[in-house]
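Letter by letter, the sequence shown follows residues 1246 to 1654 in my numbering.
Idealized CB from N, CA, C, for every residue including glycine.
Below: one structure, written as structure tokens.
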Amino acid sequence: MSKALLDRFLSRAVRQGRLGIVFADGSADTYGTDAQGFPDIVLRFTDDRVPRDIVMDPRLGAAEAFIDGRLLIAEGDVMGLVTLLRANNAWDKGGDIGRPNPLKRLINRASFAAEQVNNRLGAKQNVAHHYDIGNDLYALMLDDEHWQYSCAYWPQENMKLGEAQAAKLAHIANKLALSPGHTVLDIGCGWGGMAIHLAKHHDVRVTGVTLSEEQAALARERVAAAGVADTVDIVLQDYRDTAASGRKFDRIVSVGMFEHVGRAQFETFFEACANLLEDDGVMLLHTIGRMGRPGTTDAFTRKYIFPGGYIPALSETLAASEKFRLIAADVETLRLHYARTIRQWYANCMANRDAIVALHDERFFRMWTFYLAGAATVFEHGSMCNYQIQYIRSRHSLPITRDYLLAGD
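What follows is the structure, given as structure tokens:
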């Protein structure tokens, strides 16, 4: 029965490109037809439960079968597999990889709702789940120069990853409209790349806050090595506690952190930012976002990657921020920049496979590369993008045209 249901699902899901499947009993089927730009993939199932697991929940079921070594990729790789499925069902054209069955969908929604509370203790635990797995892994995956674990900016196609990350830092700095002596708060400062860039190139004082102990320790080392320890302070602190301290900043920047806030905390986040920002201040929020309506976080991402996280739609982000009279002065949608970034991370992980397996194990490597493949392709064919939203509290804070952004490039 599960085999027949899987056949029906794949017959609809794969039309261009070819997907071959060798089942545990030795039988085989092929789906789709050869098409330029679409990969050819061959899978082998090691037991007869794999079809059932995929039918029950196409995303999580396939992911866990791959992670557990029960779904083997005989020809191609996991990036090719996920690309084949997503490219055949592009969100732009009304498609989707496939939803869980009704029972799984109900359980997933209930679990998602429970995880969205994201109080201080939960937020720290969730951050540790992803960022405290060890800096050595990220050293093998990220750019050497800036250690940026967020979407790069690709004004030219032939750029190296480090160059594209430098372009992202400069692009954001332009939007902050910095002047020497400004105080800047970096919410979710990561390994300090943004703080170091702003201090070195714009003569400002930066306070970076993070909940990751691993990130904070290395960020402080990198700040000292860059020679900006006198103007950059890295603090292990929840942004809510920063706001409660009563401090004010001329500028606020937050890159790749809002995704971890949780929908229930959106208003708390923006209220804190409004209180932290000087009356004539400027804030730049860089976040992954949904191009469509609000939704829920898929079960694989919640379980293995970002527990408590949620990718916001632009509508709900602006609805939360407007309650605190934060004016959205500029909104930019980065559509394919993150896909290109993540494919570079994936290539780095594949090149460093043995080292990553030695740090963790084969199962972790399969989980991590499945995550990267899914992430890259959802920006190419799914509903995800990046938003850069520039906020001000006073309409007089910035020039009334956008020319100043171009002048900084």
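Which word fits residue i, buried or exposed, when buried means at least 16 other C-beta atoms lie within 10 angstroms of its C-beta?
{"i": "LEU1581", "result": "exposed"}
{"i": "ARG1647", "result": "exposed"}
{"i": "ALA1596", "result": "exposed"}
{"i": "ASP1388", "result": "buried"}
{"i": "GLU1625", "result": "buried"}
{"i": "HIS1641", "result": "exposed"}
{"i": "LEU1651", "result": "exposed"}
{"i": "SER1256", "result": "exposed"}
In whole angstroms, what separates the C-alpha of residue i from that of residue j?
{"i": "VAL1267", "j": "PHE1494", "result": "60 angstroms"}
{"i": "HIS1447", "j": "LEU1423", "result": "7 angstroms"}
{"i": "PRO1659", "j": "ILE1556", "result": "Nothing about residue 1659 can be read from this structure; the chain reaches only from 1246 to 1654."}
{"i": "ARG1496", "j": "SER1457", "result": "22 angstroms"}
{"i": "HIS1416", "j": "ASN1631", "result": "14 angstroms"}
{"i": "ASN1334", "j": "THR1328", "result": "10 angstroms"}
{"i": "GLY1339", "j": "LEU1251", "result": "21 angstroms"}
{"i": "GLU1561", "j": "ASP1524", "result": "24 angstroms"}
{"i": "CYS1396", "j": "GLN1410", "result": "8 angstroms"}
{"i": "ASP1292", "j": "GLY1537", "result": "38 angstroms"}
{"i": "ALA1358", "j": "ASN1419", "result": "Any answer about ALA1358 is weak, because its pLDDT of 49 lies below 50 and its placement is not dependable; what the coordinates show is given next. One C-alpha to the other measures close to 37 angstroms."}
{"i": "ALA1592", "j": "LYS1248", "result": "34 angstroms"}
{"i": "LEU1604", "j": "ILE1378", "result": "10 angstroms"}
{"i": "ASP1599", "j": "ASN1380", "result": "16 angstroms"}
{"i": "ALA1509", "j": "GLY1553", "result": "10 angstroms"}
{"i": "ALA1269", "j": "LYS1405", "result": "43 angstroms"}
{"i": "PRO1303", "j": "PHE1551", "result": "19 angstroms"}
{"i": "SER1356", "j": "GLN1635", "result": "Per-residue confidence for SER1356 stands at a pLDDT of 49, beneath the threshold of 50, marking its modelled position as unreliable; the derived number appears in the next sentence. C-alpha separation (whole angstroms): 33 angstroms."}
Does chain C have any CB closer than 8 angstroms to the CB of residue i?
{"i": "SER1272", "result": "Chain labels in this structure do not include chain C; a single protein chain is all it has."}
Could you check whether residue j and residue i sit closer than 8 angstroms to each other, using their CB atoms as the reference points?
{"i": "ALA1564", "j": "ASN1520", "result": "no"}
{"i": "GLY1277", "j": "ARG1260", "result": "yes"}
{"i": "LEU1382", "j": "PHE1545", "result": "no"}
{"i": "ALA1310", "j": "VAL1295", "result": "yes"}
{"i": "GLY1262", "j": "ALA1273", "result": "no"}
{"i": "ARG1535", "j": "MET1629", "result": "yes"}
{"i": "SER1499", "j": "ILE1432", "result": "yes"}
{"i": "LEU1317", "j": "ALA1307", "result": "no"}
{"i": "ALA1412", "j": "TYR1394", "result": "no"}
{"i": "VAL1449", "j": "VAL1429", "result": "yes"}
{"i": "GLY1407", "j": "CYS1434", "result": "no"}
{"i": "ARG1485", "j": "THR1513", "result": "yes"}
{"i": "TRP1336", "j": "GLY1627", "result": "yes"}
{"i": "ARG1232", "j": "VAL1527", "result": "Residue numbering for the chain in the displayed model covers 1246 to 1654; residue 1232 lies beyond these limits and cannot be assessed."}
Inset, instruction - Count the C-beta pairs between the stretch 1282-1295 and the stretch 1310-1330 that are closer than 8 angstroms, then say yes if the count reaches three, no if not. - result: Counting C-beta pairs with one atom in each stretch, the stretch 1282-1295 and the stretch 1310-1330 have three or more that are closer than 8 angstroms, which means they touch.
Legend entry - Completely contained alpha helix (DSSP H) runs for the stretch 1365-1444, where each covers 4 or more residues: 1365-1376, 1380-1386 and 1406-1421
Legend entry - Segments of 3+ residues assigned as beta strand (DSSP E) that fall wholly inside the stretch 1512-1581: 1522-1535 and 1572-1579
Inset, instruction - Could you say if the stretch 1617-1627 and the stretch 1568-1577 meet the contact criterion of at least three C-beta pairs nearer than 8 angstroms? - result: No, they do not touch.
Inset, instruction - Identify every run of the beta strand (DSSP E) within the stretch 1443-1521, keeping only runs that are complete inside it and at least 3 residues long; order them along the chain. - result: List check, beta strand (DSSP E) in window: 1450-1455, 1477-1481 and 1494-1500.
Legend entry - Contact between the stretch 1531-1547 and the stretch 1458-1474 (3+ Cβ pairs under 8 angstroms): no
Inset, instruction - Please determine if the stretch 1438-1453 and the stretch 1474-1481 are in contact, where contact requires at least 3 C-beta pairs separated by less than 8 angstroms. - result: yes
Legend entry - beta strand (DSSP E) runs wholly inside the stretch 1254-1303, at least 3 long, in chain order: 1263-1267, 1273-1276 and 1285-1290
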